[in-house]
Each structure stands twice: as structure tokens, then as C-alpha cells.
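Notes for the one structure printed next.
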């Protein structure tokens, strides 16, 4: 086996089912989610099971719907709101393939963070699959600016993801300027990011 093959990252899914429930952040309705293992190359797929015929919505950019202050995915007239906390936990754990069944239009937000999602997915465990993990690589700088806010994505020589957040409310004495930086791993996510609230 070559050095390249030894370093090859494989796709992952969960070992067994996991469940989470709670009220939606915006609608306030009780919702239940069931996580199920998924086959290789299937990606992360949300399934609305409360509609007459279950609707599968892949967590991909073309399925994003425009909503204020939340991330929503949509297929036809069926949408699932507030998926960002769940997706951040999925990404932090390196899960490539997963079925996320939800019995309503919005995912639960037990404490308005990713912490519960992370705990449930970590507890059920992960299993490697035989297909190679597909990497998203930033090969050149990308930036978006709106008013005084901006976001930059830069190539990172060591691979992986390093996040730096610069919050500058210099005119507000109680907040001022704060900078946070970390290299994303399951451990750093659990320690520093999972409990960050909306």
C-alpha cells in the first residue's frame, strides 16, 4: 500500500440510529429527529416524514431556500428549517452519509446550539465506509462583503479547516473587539463551538 493510500480518508456514516427531540426555534412546535446510517456516496439527506409522501431533501447548495436568520432547505413546496445546528455537528464529526428523518417543518433546537446534535451523533458512533471521502478544497482566496461585514475563505496549506472570527464592536464598551481562532476537529468543535448559541 502506497503512502497516498495509507493517508486516504474514507467516507463515514453512523453505526446505529440516534434520536433527538425538542421545540423548534422559530415555530416553537415539538419536533423529533431520527438519524439513520446511509450508504456510500448518498450524502446527508433530510427526510420530511410528516407529509403524505415522505420528501427527501439533500443538504446541498441548490436546495437552499432564502429565509431570514436561519438555514432552510427546500424541495418543491416542502421545506425544513433551522438545519444549521445539525449540519455543523455532522460536519464536525466528519460524517459524509446520513439520513435525517424529521416529523415537521423545523428541526428541534433543544438549547439553541449544536451541542445536543453533537452528543447524540458522537454517542451512536461512526463507521468508515469503503469509498473515498470527497474533499472540498479552497484553491484561491474568496471573499464576500456586505456593508461593514465580510467573510474570507483562504487556501490552508495543511489541509483541514482553520476558523478565525473577528468581532469588532469598538464603539460598544461592553463588547469591544474579540478574536477567536481554532483548527476544526471533533475535539475543538465539542470544546469551543458546539455550545455556541444562535
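Numbering (full-length UniProt numbering), first residue to last: 1 to 198. The beta-carbon is built from N, C-alpha and C at its ideal position, and this holds for glycine as well. Quick caveat, the model's predicted, so the values are computed rather than measured.
Own chain, CB closer than 8 Å to residue i, minus 5 neighbours either side, in chain order
i           : result
residue 47  : 54, 55, 56, 57, 99, 100, 101, 102
residue 15  : 37, 124, 125, 126, 127
residue 188 : 182
Euclidean distance between Cα positions of residue i and residue j
i           : j           : result
residue 197 : residue 115 : 9 Å
residue 41  : residue 135 : 13 Å
residue 179 : residue 165 : 6 Å
residue 140 : residue 50  : 43 Å
residue 154 : residue 44  : 25 Å
residue 104 : residue 27  : 10 Å
residue 219 : residue 34  : The structure shown has nothing for residue 219, since the chain only spans 1 to 198.
residue 13  : residue 119 : 15 Å
residue 30  : residue 69  : 20 Å
residue 159 : residue 111 : 32 Å
Proximal residues to residue i (C-beta, below 6 Å), its chain only, five neighbours per side dropped
i           : result
residue 195 : 113, 115
residue 144 : 151
residue 22  : 108, 110
According to DSSP, residues forming a beta bridge with residue i
i           : result
residue 20  : 33
residue 13  : 127
residue 166 : 179
residue 56  : 47
Cut-off 7 Å between Cβ atoms - residues of its own chain near residue i, not counting five sequence neighbours on either side
i           : result
residue 117 : 20, 85, 86, 89
residue 63  : 57, 73, 74, 75
residue 168 : 177
Presumed contact (8 Å Cβ cut-off) between residue i and residue j, rounded CB distance
i           : j          : result
residue 108 : residue 18 : That belief does not hold up - the Cβ atoms of residue 108 and residue 18 are roughly 13 Å apart, past 8 Å.
Stretch pair the stretch 170-185 + the stretch 76-85: three plus CB contacts closer than 8 Å: No, because fewer than three Cβ pairs between the stretch 170-185 and the stretch 76-85 fall closer than 8 Å, the two stretches do not touch.
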